[in-house]
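>
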Amino acid sequence: MKSHDEATAINIPESNTESKGKGVAAAPTPVVATTSTATKVIQLGKAPGGWKRGIAILDFVVRLLGIAAALTATTVMGTTDETLPFFTQFFQFQASYDDLPAFTFFVVANAVASAYLVLSLPFSIVSIIQPHAVGARLLLLIFDTVMVALTTAGASAAAAIVYLAHKGNASANWIAICQQFNGFCQRISGAVVASFIATVIFMFLVVIASIALRKH
């Protein structure tokens with residue numbers, strides 16, 4: 002009897018203890034797995050937003066630099082005017098940007114680029130607030146590409162005239178006027194350089210938008 006009771010006493014507690022131990026061990030397992038999974042989901046959700054927000058902030062800063070470059074090119078070229086006085090006030094030579102259609106187109110192109118950059122700032126801010134927004138980035142990418150073509154055309158046309166003003170062309174009977182209109186040539190040369198800087202900035206903006214959309 003004692004041996005039977007001992008065997009029964011041993012079997013019953015062992016089975017209860019194991020079942021209880023298994024029950025206690027099994028209970029926290031889903032909780033731990035659920036907690037770790039939720040943590041990973043949160044981390045994965047936050048990481049892309051932070052990265053895209055950094056790209057959007059960079060885009061906003063670069064646009065401010067583009068405004069400065071395009072506006073400088075527009076202002077410098079649009080205010081370029083030099084007059085060479087001679088013996089009398091009735092006999093003078095004058096050089097102005099609006100004497101050449103290429104310079105006029107240059108001013109218009111850079112003025113449009115400056116206005117566009119100012120108007121694009123709210124869309125850039127939207128990209129900072131909502132890093133996952135695709136519509137604003139895609140719209141900016143399209144218009145940035147158009148501005149690359151516009152500023153490149155304006156700067157290239159003006160650069161050709163600036164080269165002729167400095168070097169001249171004997172075959173076409175173009176004389177170099179920069180020896181007489183030195184201040185005029187310095188200003189138009191500076192305007193062209195600023196416009197090419199604006200063009201490079203637009204190219205950089207296109208690259209930024211392309212990267213942001215590709216990683217979406």
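Residue numbers (this note's numbering): 2 to 217. For each residue, glycine too, the CB sits at the ideal point set by N, CA and C. All figures in this text were calculated on a predicted structure; none of them were measured in a lab.
Could you check what DSSP says for A173 in three-state terms: helix, strand or coil?
A173 falls in the coil class under three-state DSSP.
> Give the C-beta separation of H167 and A158 to the nearest angstrom, bearing in mind that I take them to be a contact with Cβ-Cβ under 8 Å.
With 8 Å as the limit, H167 and A158 do not qualify as a contact, their Cβ atoms being about 16 Å apart.
> Hey, how far is the Cα of F144 from the Cα of A199?
Straight-line Cα distance between these residues: approximately 14 Å.
> I believe L140 touches F61 by the beta-carbon criterion, under 8 Å. Please report the beta-carbon distance rounded to the nearest angstrom.
L140 to F61, Cβ: 15 Å. No contact.
> Just reading off the alpha helix (DSSP H) that H133 is part of, what are its end residues?
Per DSSP, H133 belongs to no alpha helix (DSSP H) and is neither H nor E.
> Going by the DSSP bridge assignment, what does A96 pair with across the sheet?
A96 pairs with E83.
> Roughly how many whole angstroms lie between the Cα atoms of T81 and A57?
Distance between the alpha carbons of T81 and A57: 36 Å.
> Nearest by alpha-carbon distance to F107: which of T76, S172, T84, V201 is it?
Ranking the options by Cα distance to F107, first place goes to T76.
> Suppose you measure from the CA of A173 to the CA of A137; what does that come to, to the nearest Å?
Rounded to whole angstroms, A173 to A137 spans 49 Å at the Cα level.
> Thinking C-beta only, is F203 closer than 8 Å to T67?
Before going further, note that residue 67 is Gly rather than Thr in the sequence given. Yes, these two residues count as a Cβ contact at 8 Å.
> For L151, which residues in the same chain have their Cβ closer than 7 Å to its Cβ, ignoring the five residues on either side in sequence?
A110, V113, A114, listed in sequence order.
> Between the Cα of P132 and the Cα atoms of V163, G55, N170, S211, which residue gives the shortest distance?
When only C-alpha atoms are compared, the closest one is G55.
> What would DSSP say about F182, mapped onto helix, strand or coil?
In this structure, F182 counts as coil in the three-state DSSP scheme.
> Would you mind stating whether A192 and A70 have Cβ atoms separated by less than 8 Å?
No, these two residues do not count as a Cβ contact at 8 Å.
> Do L142 and S211 have their beta-carbon atoms positioned less than 8 Å apart in this structure?
Yes, the Cβ-Cβ distance between S211 and L142 is below 8 Å.
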